[in-house]
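A short write-up of the structure that comes next.
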Amino acid sequence: MKITLPGWPQRWSREQRSSATIALASVVLVLLLWLMAIPLALAPEPIGNNAQYFAEGTRITVELTVVAGLSGIVIGVLAALGRTSGITLLRWVASLYIWVMRGTPLLVQILFVFLALPTLVPALRLDDFASACVALAFNVGAYNAEAIRSGLLAVPKGQIEAARSLGLSSFYTFIDVTFPQAFKVALPPLVNNTVALLKDSSLAYAIGVVELTNVGNRIQAATFQPLPTLITTALVYLVLTTVMTQISGAVERRYDVEGRQP
Amino acid sequence: MSAHLITVDKVNKFFGTHHVLRDVSTYFNAGQVSAILGASGSGKSTLLRMLNRLERHDSGRIVVDGIEVDDELKHLDALRRELGMVFQQFNLFPHLTVLDNVSLAPRRVRKTLRADANERSMELLKRVGMEEHAHKYPFALSGGQQQRVAIARALAMNPKVMLFDEPTSALDPEMVKEVLDVIKKLAQSGMTMIIVTHEMGFAREVADRILFLDQGQVAQDAPPEVFFDAQESVRVRAFLGQVSH
């Protein structure tokens, strides 16, 4: 669902509207995390008396999503570069990574990082939150890699030839020419992946991270009132994904120099 | 041999089993405007693209202003500073404004400050008559306008030689003239140019020299008066008759 705001002043440019939307949505997100306990406290039991608990769970969920989401994009870019690299070994490593991460359940990966990894490499004994972040980041990174790869492949060869013939190094060709165009193509699937990540972060519940779903489940178990608690939990997720799609929509509009989006 | 700005020596090029260029040897001098003509598939674009290593030659040697054309990074960097290239499909960067298209390479490669790069880019845009469109994005321009920006962009790196790969082939007829006029002005300013083209009238008017490629070989190398007016080869006469209609 897309919420249509009352509309920005007519004379604002596309960039200004986009920046304003990003700023506004970010402020809304911060306010939400900071102050959401206040409106929740007004709700009847068992929500009102657990408002603070819900707010903490929501903060953890957002932290998981932001940390894993940003790392997942970096991992995705690296893996996509590996997949399209001219070096066979890199292609092979990137393909192996994507194959494993996409071919196994996220829940197993989370459990693996938390429980199995320390027995393999004792130095990698991570706490529950860090384990969840690592597993989520590498999982979403694999899906991001394919989205970014499709973006990279969509950039016409002539663009790279033009950049190289101007004397741009392969680094600047990537930074200034290939990546911005690839990112624009990859953005909608990347948003998809990140929305999925926000919801999948609930699996961190399995290793005891007290995030939103865990909070909701604990409250319903303690109060025997699953209906209001789970509806509240679901609504918080819905609000979060809505704010997120507003931000990503604004980013998309910023890149839409041709004005192809209504 | 070293007196020539660009020397091409016994160059061969294969695409798979297809022998595109066969033992091509030629040269290009400073200040000279050369037009490369020939039927489709005769290897003329390939020859041009080998000069700045967008295609690699399989054997033979190419030397541009003392720089050996090979895969060595230092050579490639130096080479591409010497040669500006204009493509058939313009290849402007769609996510950058006209001004940023022109100023990007000086800012990145020469580390020119943005203000200085922009000032110089505006001068170049003025030269191709595009200064009013500096803040537009490429999609908002006609083909002819895009190609004029592409010419300004190539000039921004102060190349010694400009390479044109069929610069008007993707244009609507009414836009060909505005691009050819810009190229003509450039030729008159003494710029060394190598132009692959199908515009016979233009080649005749602007070039000092015509190279005619046929089946991967330089079949003729003549001044335009001789090539067009005193053509002895029946085959070339047929080609000229064919394309002038």
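In order, the protein sequences belong to chains Y and A. This note's numbering puts the first sequence at residues 1 to 262. This note's numbering puts the second sequence at residues 1001 to 1245. No residue lacks a Cβ here, since even glycine has one placed at the ideal position from N, Cα and C. Just so you know, these numbers come straight off a predicted model, no measurement behind them.
Item: For serine 1059 of chain A, which beta-bridge partners are listed by DSSP?; Value: A:Asn1012
Item: Go through its chain and collect everything with a Cβ distance to leucine 1155 of chain A's Cβ below 7 Å, but skip five positions before and after it.; Value: Gly1084 and Leu1124
Item: Is aspartate 1165 of chain A helix, strand or coil when you go by DSSP?; Value: strand
Item: Give the DSSP bridge partners of leucine 1211 of chain A, in chain order.; Value: A:Ile1036 and A:Asp1221
Item: For tyrosine 1137 of chain A, which of helix, strand or coil comes out of DSSP?; Value: coil
Item: For valine 77 of chain Y, return the contacting residues in chain A, with the cut-off set at a CB-CB distance below 8 Å.; Value: Correct list: empty, because the minimum Cβ distance to chain A is about 17 Å.
Item: Mark glycine 82 of chain Y as exposed unless 16 or more other C-beta atoms lie within 10 angstroms of its C-beta, in which case mark it buried.; Value: buried
Item: Helix or strand or just coil, what does DSSP make of serine 19 of chain Y?; Value: helix
Item: Hey, how far is the Cα of alanine 123 of chain Y from the Cα of leucine 117 of chain Y?; Value: 9 Å
Item: Would you grab the beta carbon distance between arginine 1049 of chain A and aspartate 1172 of chain A for me? Rounded to a whole angstrom, and I think it's under 8 Å.; Value: Not confirmed; about 25 Å, so no contact.
Item: Is it buried or exposed, lysine 1013 of chain A, if we count other Cβ atoms within 10 angstroms and call 16 or more buried?; Value: buried
Item: Of all the CB atoms in chain Y, is at least one closer than 9 Å to the CB of proline 1167 of chain A?; Value: no
Item: Let me know if isoleucine 73 of chain Y comes out buried or exposed under the rule of 16 or more other beta-carbons within 10 Å of its beta-carbon.; Value: buried
Item: Could you check whether the Cβ of alanine 1134 of chain A sits closer than 9 Å to any Cβ belonging to chain Y?; Value: no
Item: Is any beta-carbon of chain Y found at less than 9 Å from that of histidine 1245 of chain A?; Value: Interpretation of histidine 1245 of chain A is limited by its pLDDT of 46, a score under 50 that renders its predicted location unreliable; no figure is taken from the coordinates.
Item: Would you report the Cα separation of valine 240 of chain Y and threonine 119 of chain Y, rounded to the nearest angstrom?; Value: Here residue 240 of chain Y turns out to be leucine, not valine, going by the sequence shown. Using only the alpha carbons, I get a separation of about 36 Å.
Item: Less than 8 Å between C-beta atoms, sequence neighbours within five positions excluded: which residues of the same chain meet that for alanine 154 of chain Y?; Value: Gln181, Ala182 and Val185
Item: Less than 9 Å between CB atoms is the rule here; does serine 165 of chain Y satisfy it with respect to chain A?; Value: yes
Item: Does the beta carbon of aspartate 1071 of chain A come closer than 9 Å to any beta carbon on chain Y?; Value: no
Item: For isoleucine 1036 of chain A and valine 66 of chain Y, I'd like the C-alpha separation in whole angstroms.; Value: 57 Å
Item: Take leucine 1092 of chain A and list the residues in its own chain whose beta-carbon comes closer than 7 Å to its own, dropping the five residues that flank it on each side.; Value: Asn1101, Pro1138, Gln1146, Val1149 and Ala1150
Item: Sorted by chain position, which residues of the same chain lie with C-beta nearer than 7 Å to methionine 1130 of chain A's C-beta, five sequence neighbours on each side aside?; Value: Val1098, Gln1145, Arg1148, Val1149 and Ala1152
Item: Our contact map puts alanine 206 of chain Y next to isoleucine 110 of chain Y with C-beta atoms below 8 Å; I'd like the distance itself, whole angstroms only.; Value: 6 Å
Item: By the criterion of Cβ-Cβ separation under 7 Å, what are the contact partners of arginine 1334 of chain A in chain Y?; Value: Residue numbering for chain A in the displayed model covers 1001 to 1245; residue 1334 of chain A lies beyond these limits and cannot be assessed.
Item: Taking only runs of the beta strand (DSSP E) that begin and end inside the region 1060-1124 of chain A, which ones reach a length of at least 3 residues, in chain order?; Value: 1083-1086
Item: Please state whether the Cβ-Cβ distance between aspartate 1221 of chain A and arginine 1235 of chain A is less than 9 Å.; Value: no
Item: Check whether chain D comes within 9 Å of glutamine 1147 of chain A, counting only Cβ atoms and requiring the distance to be less than that.; Value: Included in the structure are the protein chains Y and A, with no chain D among them.
Item: Who pairs with isoleucine 1194 of chain A in a beta bridge, going by DSSP?; Value: A:Ser1034 and A:Leu1163
Item: Under DSSP, the alpha helix (DSSP H) around aspartate 200 of chain Y begins and ends at which residues?; Value: 179-200
Item: Check whether the region 1056-1066 of chain A touches the region 128-141 of chain Y, counting contact only when three or more Cβ pairs, one atom from each stretch, lie closer than 8 Å.; Value: no
Item: Based on the DSSP secondary-structure assignment, which residues constitute the bridge partners of tyrosine 1027 of chain A?; Value: A:Thr1007
Item: Helix or strand or just coil, what does DSSP make of valine 77 of chain Y?; Value: helix
Item: Got a sec: is the Cβ-Cβ distance from glycine 86 of chain Y to anything in chain A below 9 Å?; Value: no
Item: Glycine 1043 of chain A CB to nearest chain Y CB: under 9 Å?; Value: no
Item: I'd like to confirm the pairing. Which residues does DSSP put opposite leucine 1021 of chain A in its beta bridges?; Value: A:Lys1013
Item: What residues of chain Y sit near aspartate 1077 of chain A, judged by a beta carbon separation below 8 Å?; Value: Gly167 and Ser169
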